[in-house]
Each structure stands twice: as C-alpha cells, then as structure tokens.
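Colleague: Protein chains in written order, with this note's numbering: chain A, 585 to 742; chain U, -15 to 501. All C-beta atoms, glycine included, are put in the ideal place defined by N, C-alpha and C. Every value quoted in this text rests on a predicted model; they were computed, and no experiment measured them.
Structure follows, in structure tokens:
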C-alpha cells in the first residue's frame, strides 16, 4: 500500500464517521488534521463529495481558519502567545528569542523537521504570562532560560 | 486512614508544573510507605501561588505554594500531611485574604472539588437548580433568570432573561442552546477555569436553559486552544448522560436535552455569535447581518439562545437560590457578581469574583498587589483586545457596565491586563489594529480594509512621518470603523487604539497636544 492510498483511506474513514452530523465540515477537518497533522489538498475533493459541497466551499473553510493547515507540520509545533497580557510580561522579547533559537519565523518549520512555529492569540494562561504551548503541553511564566530548557528536553524526547 | 491531598489539574497550574508535583508527591508517599488519596481539583485562582497543594487536616484544608518538585521531599520532612510548618505553608486556604474577601457564587465549587466527579458535584449543591427547574413551567424558569438581573457575561451585557423569553415565545419544532466558549480575549480565563474546574455547572446551566425555552439540543462551541477544557467537558457530559442528567428523559421527567462539544479552529471572530453559528454550520465564520436576531432565526435558521460560559454557569445558583438572591448582589443595573480576571504585569494574578461596584484601583492594588515588576502601573486594559486602555486618572471607575460605558471604556468579559511604565502604548495600539486585520472575517469593508490601512498609518506615526497629518487621518479612520463596521471587531478596535492615543499621546511622538485631538 502506498503512502497516498493510506492517507486517502484515513480521510475517507473520517468522512464516513462524521458526515451525518449537522454542520459536519469542521468536525471532519479536525478529524483529518488530528489523524494526519494537516489537511492534504488532495483530500478536498473527497470531503466535498461526502458533504455535497463544492471544492471551493471546502477550500474556503480550510483557508479561513488559522488552525487548519494544508502542509505537514514539524514533529512538534511551538505556539507563542502574542496577546496583550503576554506582551505586558516580556512576550515580545521571548518571541524574538524563540525565533532566534529555532532559526525560523512564524509559519515555518526547522530544516530538520523537528519544530514548527506558530503565533497564537491567547492560550487563556494570562495569569502566568508569558505563555507558550508545545504540542499539547502549556507552559507559563516562560523566560529565555526556561524556554531553552524546555526545548532541549523536547529535543531529547524526539 | 489515608490522607487527602489536592493538586490542581487546571491548565495554568499545569503550565507551572502541577502534573510533575502531583507525580512527585505520589512517588514520595510511596517511598515513605504513606497512604495518600491524591485528588486533582480545579484551581482556586490564586495563580501566583500555583502549583498550590492542599492537605485535608483536622483544622481544615491547609495550603502550600507555590510548590515545585524540588520542594516535595522537604514538605514530607516537615510533615505537611498533617499541616506541618514549612516556608511554603500558607495556612487554611479559606482564610487567605484574597479568597476570603471574594463573593464566590458562580465559582463556589471551583478549587474545592474534583471537577469530573459527579458525586462531588452533587455533594456540593450540584443539580439543585435543575431539580427546581424540572418542577417549573418554561415561563417560571425564564422569570427567575429575568428577576435575577443576569446580563450576558461575554461582554455585551444583554439581559439574559429577555433573550430567553424571545426564544421561548418564538414557535418552532427545533430550538437550540449554544454556549459560546470561544474565550479569545487576552486577559480572560474565567470560562476556561469553569470548564476545567467545574464542567458540570455549565452542563447543568445549559440543561436548564433548554428546559426554559423548549430546546432539546445544545452545543458548546469551544476554542481549540483549550484542550484541557475539552477533555473535562466531554468527561462531564458522558457522566451526565450515564446518570440521566442528559438524554431523552432527564431524571424521569420525560424532558429531553442533548449536549455536544464542537471545536473552533483558531478564529477570534467566531466569538461573535453570528459568526459562531456559521462556523457551527460548517462554514467560514462570516458575520451575519442582524436582524434577524439569533433568538428568532439562529443556528440552522432556528430560534437559538447563545450565551457565554459564565452566564450559563450562573444559572444553576439562580434556580437554586432564587432570582432575588442573585439580584441582591451588585450595583445599579449590574446585578450579581462578575468573575474578574487579573492578568499581565500584576503581582497577584488570578480570579476575583465579586459583586459589581469595586473600583479598578481596589482590584489592582488591594487584590493584585501592584505590578509584578514593582514599577509604577501605566495603563490597564479592561475588556480584551477590543477594550480601552485606562490611565491612572480612570482607576477609580467602579466595575459596573454603565460606569465603564460612561468613560468610553468597556467592562466586557472582566479581563484586566496591567502594564507597567515600560509599556509603549503606540506599539500596543499598532498591535490592536494589526490584530483586527489578522482576525477580520472580511465581510465588511471598514474592518477588512480599515484595519490594514490603520496599521500602516500607525506605522507612519511611529516612524515620525508627517505626524500632524497622520493623527487626524487615524482618527478619521477609527471613526469609520466605529460607525461603519458590521460587528464589534471593527466597531470596537478604535477603543484600544484611540484610548492609547488620547491618554498617552507622547508615546505616539505627539508633543503638541493640539495635534492629538
């Protein structure tokens, strides 16, 4: 079985499970991104067919939402909160430090495919600013030093 | 008998190491052959003390914090399991000033209980509101909520009872209850704390709303940035179904209510109720024209109640203790309590639930203890990224919807973000305009194009280019956004931008104040 047929099977399985829900498109897109890490462009026709939508409508929804991505992410995604509370506690300096350490800008992935970097507008961790999220793990009161320790630990785990 | 130890599972506590502390306590207890019963509770909301560990003793629950993994062994040595003395000991949790001075109605259980234990919920007044509602008519439930004076806690402050009454009186086979859990405002985390720390209260509140208006289906539209809340809500919903608190026959009443969590996908605009409904329908989150009101034609064209998490989570206590009980808190037309969230550059960040009426100054100094850096406080943004920055001269404003509105400021969802004197208000104003450009749904021109042009104009001002020409241009543009936008995103972005300019013109390079007006 080739990789692309396995991707198509995963996509089809998600569509079949969820397509009868009212307003099924977002649950389906989440299901695909949860399974694959992204929503491959060539899954759009299958989604459109499953929900009786045009491909343009499906593409329009994917592109509207910041969270959905159509390219594979790095093994782990680092989200940095850019919002006001984190700015009040040195979030901008942290943002620059993270970019320098990883050597990438927002919406990019490190050359070794380890880390992607995305901005986020509030993690709801405002009482512990500045905050970042790596994968499902949230970190508060992050300093340049503690970021380095966290990222080194993540590298060792990877 | 084993000793009960509480370590919060709240995601902010976890972000400071609560999971590791919990694991270390279990391991250390095992090493020492001590039997403990470790419970993951919600957070009390005293975040500068997290991870906050509590031990149940004969003298009540004794708190220690902030606890790091490296403290655990010493805590055992100090016999913290029996309330022993240690530098991290805080005494009885309920006696801490920060908590004692609060009036916790909506947050009554949070931090005390295991969030996903239905037994704990029932043992702490849970489902008493629903049990009362099951005996009442639609109109009586709506009347209790109307009498309570509860207004939408999401920010718009629309009277909840009036909204419910409209849905009740709109005839339809199918109606919906939507909980807006897309808490995207910076500086706000009260919705998250409720969903993680007491998810059953939201489930109960939505069930009561369903009974009140005759809706049998509810959706919680939850932001994807809240994975811990997602897990807690699903666990609570599953248990509520299993125990007959959700489903086709709620507690043998023959009445039905079903509930499902749906995830957003990182679009701030989906916190706007019509955009949220588009998103739930599987579309781009474009704002709808109003009218028709969602209460008349909402989700899938049906009458729909859309309420914020805190509004719905306040309903059970209203149905339990009566509308009058809730209404007796507060001032003027702002009745009941508001869970305020202290964030940003503040020494004692956390959740403060109080009756309306305290001043901002009391909140940030008496509760917050001043700035975290110890520097003077320059500005406070209240009400999220669409809320105004308040300078020192406005710190005596009482926390009340009308008092804030009279100052051209916004109380909103009660988020309070503090900045010290190093803050650059022009950079913040630029950020707010850029945020609007990034998050605009694109439907109306003032917001879609105005926010991008606005960012460019602020860039010009920051670079010192033709300030006397660009300041009036920025004001004119803000005027267009204020008056011409379809929803609050474009319509309120001028609040932070213009308040920054009005109160801190020097940060914009305006030395001649005549240019600033």
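For residue 110/U versus residue 152/U, is the C-beta distance shorter than 8 Å?
Modeller: Contact flag unset, no.
Colleague: For the segment 626 to 650 of chain A, enumerate the residues whose C-beta is nearer than 7 Å to any C-beta of chain U, in chain order.
Modeller: Result list: 644, 645, 648, 649 and 650.
Colleague: If you measure between the beta carbons of residue 317/U and residue 311/U, is that distance less than 8 Å?
Modeller: Not in contact: residue 317/U and residue 311/U (Cβ atoms no closer than 8 Å).
Colleague: Mark residue 714/A as exposed unless 16 or more other C-beta atoms lie within 10 angstroms of its C-beta, in which case mark it buried.
Modeller: Buried, since its Cβ has 16 or more Cβ neighbours within 10 Å.
Colleague: Tell me whether residue 738/A sits in a helix, a strand or coil according to DSSP, three-state version.
Modeller: Residue 738/A falls in the helix class under three-state DSSP.
Colleague: Looking at chain A, which residues of the segment 263 to 285 of chain U have a Cβ within less than 9 Å of any of its Cβ atoms?
Modeller: Answer set for the segment 263 to 285 of chain U: 263, 264, 265, 266, 267, 268, 269, 270, 283 and 284.
Colleague: Can you check which of these residues, 341/U, 366/U, 333/U and 193/U, is closest to residue 709/A by C-alpha distance?
Modeller: Here the closest residue by C-alpha is 333/U.
Colleague: Leaving out five residues before and five after residue 168/U in sequence, what residues of the same chain have Cβ atoms less than 7 Å from its Cβ?
Modeller: These residues qualify, in order along the chain: 207, 252 and 255.
Colleague: Do residue 134/U and residue 301/U have their C-beta atoms closer together than 8 Å?
Modeller: Contact: no.
Colleague: Going along the chain, which residues of its own chain have a beta-carbon closer than 6 Å to the beta-carbon of residue -13/U, five neighbours each way excluded?
Modeller: The answer, listed in chain order, is 20 and 65.
Colleague: To be precise: take each residue of the segment 203 to 227 of chain U, compare its Cβ to all Cβ atoms of chain A, and keep it if any distance is under 7 Å. Which residues remain?
Modeller: Listed in sequence order: 208, 209, 210 and 211.
Colleague: If you follow the alpha helix (DSSP H) that residue 486/U is part of, which residue opens it and which one closes it?
Modeller: From DSSP, the alpha helix (DSSP H) with residue 486/U extends over 478 to 487.
Colleague: Under 8 Å between beta-carbons, which chain A residues line up against residue 246/U? List them in chain order, please.
Modeller: Near residue 246/U (Cβ distances below 8 Å), the residues of chain A are 607, 610 and 611.
Colleague: Counting only runs of 3+ residues fully inside the segment 293 to 341 of chain U, write out the beta strand (DSSP E) ranges in chain order.
Modeller: Listed in chain order, the complete beta strand (DSSP E) runs (minimum 3 residues) inside the segment 293 to 341 of chain U are 321 to 328 and 334 to 339.
Colleague: By the criterion of Cβ-Cβ separation under 7 Å, what are the contact partners of residue 157/U in chain A?
Modeller: Correct list: empty, because the minimum Cβ distance to chain A is about 14 Å.
Colleague: Between residue 400/U and residue 329/U, how many whole angstroms is the CB-CB distance? I'm expecting something under 8 Å.
Modeller: With 8 Å as the limit, residue 400/U and residue 329/U do not qualify as a contact, their Cβ atoms being about 11 Å apart.
Colleague: Does DSSP classify residue 499/U as helix, strand or coil?
Modeller: Low local confidence applies: a pLDDT of 48 at residue 499/U is under 50, so the model's placement there is unreliable, and no value is given.
Colleague: What residue from 163/U, 216/U and 179/U has the CA that sits closest to residue 194/U's CA?
Modeller: The residue with the shortest Cα to Cα distance from residue 194/U is 163/U.
Colleague: Is the separation between the beta-carbon of residue 217/U and that of residue 179/U shorter than 8 Å?
Modeller: In contact: residue 217/U and residue 179/U (Cβ atoms closer than 8 Å).
Colleague: What residues from chain U crowd round residue 730/A, counting only those whose CB sits closer than 9 Å?
Modeller: The premise fails here: residue 730/A is roughly 11 Å from chain U at the closest Cβ pair, so nothing lies under 9 Å.
Colleague: Is the Cβ of residue 31/U closer than 8 Å to any Cβ of chain A?
Modeller: Residue 31/U counts as touching chain A.
Colleague: Spell out whether any CB of chain A is found under 8 Å from the CB atom of residue -1/U.
Modeller: Chain A, which has a Cβ nearer than 8 Å to the Cβ of residue -1/U, makes this yes.
Colleague: Classify residue 617/A as buried or exposed, calling it buried when 16 or more other Cβ atoms lie within 10 Å of its own Cβ.
Modeller: So residue 617/A ends up on the buried side.
Colleague: Mind pulling the chain U residues with CB within less than 7 Å of residue 682/A?
Modeller: None at all; the shortest Cβ gap to chain U is about 16 Å.
Colleague: What do you get for residue 177/U, buried or exposed, if any count of 16 or more other CB atoms within 10 angstroms of its CB means buried?
Modeller: When all chains shown are included, residue 177/U counts as buried.
Colleague: Can you give me the start and stop residues for the alpha helix (DSSP H) that residue 453/U sits inside?
Modeller: Segment 451 to 468, the alpha helix (DSSP H) holding residue 453/U.
Colleague: Residues bridged to residue 382/U by DSSP?
Modeller: Note: residue 382/U sits in a beta bridge opposite 343/U.
Colleague: Determine the burial state of residue 257/U: buried for a count of at least 16 other Cβ atoms within 10 Å of its Cβ, exposed for fewer.
Modeller: Result: buried.
Colleague: With DSSP as the reference, identify every bridge partner of residue 202/U, one or two as the case may be.
Modeller: BP columns for residue 202/U point to 161/U and 243/U.
Colleague: Kindly indicate the opening and closing residues of the beta strand (DSSP E) around residue 699/A.
Modeller: Run containing residue 699/A: 699 to 704, per the beta strand (DSSP E) assignment.
Colleague: With 8 Å as the threshold, decide whether the Cβ of residue 723/A is near any Cβ in chain U.
Modeller: Yes, contact with chain U.
Colleague: Ignore the nearest five residues each way along the sequence and tell me which others in residue 227/U's own chain have a CB closer than 7 Å to its CB.
Modeller: Correct list, in chain order: 102.
Colleague: According to a CB-to-CB cut-off of less than 7 Å, which residues of the segment 703 to 727 of chain A neighbour chain U?
Modeller: Answer in chain order: 704, 705, 706, 707, 708, 709, 710, 711, 712, 713, 715, 720, 722, 723, 724 and 725.
Colleague: Locate the beta strand (DSSP E) running through residue 665/A, then write down its first and last residues.
Modeller: Note, residue 665/A: beta strand (DSSP E), 660 to 665.
Colleague: Identify the contact partners of residue 19/U in chain A, using a Cβ-Cβ distance below 9 Å as the criterion.
Modeller: By Cβ distance, chain A contributes nothing, its closest Cβ being about 30 Å from residue 19/U, past 9 Å.
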